[in-house]
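Notes follow the structure.
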Ligand code: DC
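Residue numbers (our numbering): 114 to 361.
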């Protein structure tokens, strides 16, 4: 009989803690963590670097097709970021994943405010979604994954073993994002962040193709009052129970 792999699909709005939770769950279970938002960020980055408007669907698809996009767990030991580079850097700098574009480490370049808005804009384009969804399905094929995004529970992995909708109150999400920025030494106001999060949420939930939504079978976890460790523990426990049950 073919080996059955376990797929955990996590959807939720901006800054609900999906990345941190998914990464920790994956570490605890020995699964691969897949950040699909990073792929939409790469698409936006490609557009920006090539002076292509975020609305130019075919050009963005062509850019994605002609690029080598790699995502991996940050390396434990310091590395040379590219063949040309003379310096040695550590990937253990707080990032959740390492993203390479044609061999260049762009993990932090895709986390700017400009690219956050750009990713939200390119993600409304159906052809961009189609090509990225196919890539995501290929990654999940044949391995245990924790995959997070906006359409994972019903489009990318509709047959996922465990489906989760992770959310939190919008002010709480804005406060967490502000804290993350402050820790990186960046300046922003709560009001600005709140506004930005609301804009992205609205775009994510109202786009025609595959908007963010809660599927009826999803386990809804609200992290407003729940510490990240607690949320991680709940998901890990449930997965272990389900795996034991499936083996019986
Ligand atoms: O999760 P994130 O903030 O890194 O995602 C960036 C943008 O990509 C977000 O505004 C919505 C979009 N996205 C999407 O449409 N579908 C996904 N599966 C993941 C992200």
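Each residue gets a CB set at the ideal place from its N, CA and C atoms; glycine is no exception.
Query                                                                                                                  : Result
According to DSSP, residues forming a beta bridge with residue 278                                                     : 124 and 333
Classification of residue 321 by the beta-carbon crowding that lies within 10 angstroms, buried from 16 upward         : exposed
Residue 262 beta carbon near the ligand DC (any heavy atom closer than 8 Å)                                            : yes
Contact under 9 Å by Cβ, residue 211 with residue 218                                                                  : yes
Neighbour-count burial assignment, residue 202, 16 or more Cβ in a 10 Å radius                                         : exposed
Collapsed DSSP secondary structure at residue 167 in the structure displayed                                           : coil
Sheet register partners of residue 259 (DSSP bridge)                                                                   : 121 and 146
Sequence-distant residues of its chain with Cβ nearer than 6 Å to residue 324 (five each side left out)                : 318
Spatial neighbours of residue 285 in its chain, beta-carbon cut-off 6 Å, leaving aside the 5 residues before and after : 337
Beta strand (DSSP E) segment containing residue 306, residue limits                                                    : No beta strand (DSSP E) contains residue 306, which is instead part of the alpha helix (DSSP H) from 303 to 319.
Residue 184 CB to nearest heavy atom of the ligand DC below 8 Å                                                        : no
Classification of residue 292 by the beta-carbon crowding that lies within 10 angstroms, buried from 16 upward         : exposed
Proximity to residue 150 [Cα-Cα], best of 313, 140 and 262                                                             : 262
Burial state of residue 72 (16 or more Cβ within 10 Å)                                                                 : Residue 72 is absent from the structure shown; the chain starts at 114 and stops at 361.
Per DSSP, the bridge partner or partners of residue 185                                                                : 211
Exposure label - residue 137; buried when at least 16 CB within 10 Å                                                   : buried
CB of residue 186 within 9 Å of CB of residue 153, strictly                                                            : no
CA-to-CA distance, residue 120 to residue 352, given in whole angstroms                                                : 10 Å
The region 231 to 246 in contact with the region 129 to 144 per 3-pair CB rule at 8 Å                                  : no
Distance CB(residue 288)-CB(residue 207) smaller than 9 Å                                                              : no
Element boundaries [alpha helix (DSSP H), containing residue 231]                                                      : 226 to 235
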